[in-house]
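This report concerns only the one structure given below.
Numbering (this note's numbering), first residue to last: -13 to 294.
So, in structure tokens, the structure goes:
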């Protein structure tokens, strides 16, 4: 099945009251696990590639792996650039076969953010590629994104309407309390659903996106720590909150940390229980299975099962 646009996926999500899972990919096993999980749950899918993933695995390798996935799975799959930090990177990804890109100017003043997004939009739209932007700043660390809690800024609903109108973006990542990484909350988890409602009122029927939305599942944190890891106090966004958000105009939920934790926990377990093992297939295989099971669970949380 050919790659699809996120524009098509978001139209279905808005109508059906669910969110599409956007999963970050870095290698073959992660791609296989995610796609197999989505195939078994008959769910549409967004595979995200970050600047760091392109540097690690190369654009060409990742796109060929996704091409293989498209040949083996009968699913609508979009390929999305996560946290693009320059016009040049977005242009390379558009020219290189991505069907969606994110340009992240959230660290810039409003007018500069709008100008950067519009520059990407003006290049992407004639080529049929939708553009995601971000307004507000999420706390946490993810590759080149490093924002302290003191510097985090929630999305202003009034600015959101102006931002979308002036930039021409097709979806908007909003800051309502989620954050990047494995340490999303120091105390009780809380998302600002009242703010989300106000943003929706200002942007009726417009696709919204949640970044930093991994749950940081306790079973994987505990497994990592049990077998030599050091993740004390790691916690993410409760699944009940993710499900609630998925029934709003939030059409896309980003998940990366949960993938890393599932893979790392499984590999740590194999290394601890079988120290003599040195065949990569014997520890990457179980890691792939762990990711697959976790992704199937996440697709149910998002309400997207059976929506392909």
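In this text, a Cβ means the ideal position worked out from N, Cα and C, and glycines have one as well.
Kindly indicate which three-state DSSP category residue i falls into: helix, strand or coil?
i: residue 45; result: helix
i: residue 294; result: coil
i: residue 134; result: For residue 134, the predicted structure reports a pLDDT of 40, less than 50, and the residue's modelled location is therefore unreliable. The matter cannot be settled from this model.
i: residue 146; result: helix
i: residue -7; result: helix
i: residue 10; result: strand
i: residue 159; result: strand
i: residue 153; result: helix
i: residue 61; result: coil
i: residue 31; result: strand
i: residue 38; result: helix
Buried or exposed for residue i, going by 16 or more other Cβ atoms inside 10 Å?
i: residue 122; result: buried
i: residue 136; result: Unreliable positioning characterises residue 136 in this predicted model, as indicated by a pLDDT of 45, which lies under 50. A coordinate reading is not provided.
i: residue 218; result: exposed
i: residue 192; result: buried
i: residue 42; result: exposed
i: residue 69; result: buried
i: residue 227; result: buried
i: residue 187; result: exposed
i: residue 258; result: exposed
i: residue 84; result: buried
i: residue 279; result: exposed
i: residue 263; result: exposed
i: residue -1; result: buried
i: residue 205; result: exposed
i: residue 110; result: buried
i: residue 151; result: exposed
i: residue 97; result: exposed
Anyone know if the C-beta pair for residue i and residue j falls short of 9 angstroms?
i: residue 45; j: residue 78; result: yes
i: residue -4; j: residue 156; result: yes
i: residue 175; j: residue 207; result: no
i: residue 87; j: residue 76; result: yes
i: residue 194; j: residue 234; result: yes
i: residue 185; j: residue 116; result: no
i: residue 99; j: residue 179; result: no
i: residue 20; j: residue 281; result: yes
i: residue 11; j: residue -8; result: no
i: residue 285; j: residue 236; result: no
i: residue 80; j: residue 113; result: yes
i: residue 210; j: residue 250; result: yes
i: residue 289; j: residue 2; result: yes
i: residue 15; j: residue 271; result: yes
i: residue 154; j: residue 108; result: yes
To which residues of the same chain is residue i closer than 6 angstroms at the C-beta, ignoring the five residues directly before and after it?
i: residue 269; result: 253 and 256
i: residue 240; result: 8, 197 and 199
i: residue 120; result: 90, 92 and 159
i: residue 276; result: 248 and 252
i: residue 48; result: 35
Residues in its own chain within less than 7 angstroms of residue i by CB, not counting five upstream and five downstream?
i: residue 18; result: 274
i: residue 52; result: 17, 33 and 65
i: residue 214; result: 254 and 258
i: residue -11; result: 56, 63, 64, 65 and 85
Who are the near neighbours of residue i in its chain, counting only those whose CB is closer than 8 angstroms to its CB and skipping five residues on each side?
i: residue -13; result: 56, 59, 60, 61, 62 and 63
i: residue 292; result: 27, 28 and 29
i: residue 102; result: 73, 89, 91 and 94
i: residue 146; result: 121, 158, 160, 185, 188 and 189
i: residue 225; result: 201 and 287
Taking only beta-carbon atoms, is residue i less than 9 angstroms away from chain D?
i: residue 96; result: You won't find chain D in this structure, because it holds only one protein chain.
Entirely enclosed beta strand (DSSP E) segments - the segment 65 to 127, minimum 3 residues: 86 to 89 and 117 to 121
In chain order, each alpha helix (DSSP H) run of at least 4 residues that lies wholly inside the segment 164 to 251: 179 to 188, 204 to 212 and 225 to 232
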